[in-house]
Structure formats: C-alpha cells, structure tokens
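Notes to accompany the following structure.
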Amino acid sequence: MNEIILAQATESTIGGLGTIGYGLATIGPGLGIGILVGKALEGMARQPEMAGQLRTTMFLGIAFVEALALIGLVAGFLF
1 MNEIILAQAT ESTIGGLGTI GYGLATIGPG LGIGILVGKA LEGMARQPEM AGQLRTTMFL
61 GIAFVEALAL IGLVAGFLF
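Following UniProt numbering, the numbering of the sequence shown begins with 1 at its first residue and continues without gaps.
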C-alpha cells in the first residue's frame, strides 16, 4: 500500500516540473522572435526596396525559432 502512495506522489511532482520546464522553454523562442522581427523591420525601414526578401527571410527565421518552442513542448511531455 505504501509503494502505491509513493508512486502517485512522484508522478504528480514530475508533472508539475514538466509544466514549469515548458514555461521556461518558451522564454528563449519568445525573445528570439521579438529580436528577429525587430531587426527585420529595422532593415525594411533602412532599405524599403529589400522589404520582400527581408520578409521572406524573417518568416523562415520565425519558423526555425518556433521549432524550438515545439521541441520544448515535446520535452516537457517526455521528461
């Protein structure tokens, strides 16, 4: 009986750490996307004729940075 109670206590503690871990994992991509978009807008303001190419590159960068947040989500479920 005692082993079952200890196992349940361990599972609830680990689940809480996964949630905290995912919260921390979203900080990096959030900052990365903010910096990326800000620099892209700065580049568009400096050279408006390059806006189309900068926008395409910005969206590719956002996709790669957002992949980090998804990896953090999966890692939160696994660990």
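Note that beta-carbon positions come from the ideal geometry of N, C-alpha and C, so glycine has one too.
Worksheet entry | Residue range of the alpha helix (DSSP H) that includes Pro-29 | 27–46
Worksheet item: Which term fits Pro-29, buried or exposed, when burial requires 16 or more other beta carbons within 10 angstroms of its beta carbon?
Response: buried
Fill in: Cutoff 6 Å; reference Leu-54; Cβ partners in own chain excluding five residues on either side
Ala-40, Gly-43 and Met-44
Discussion item. Here's a check: name, in chain order, each residue in its chain whose Cβ is nearer than 7 Å to the Cβ of Gly-72, leaving out the five neighbours to either side.
Written reply: Tyr-22, Ala-25 and Thr-26
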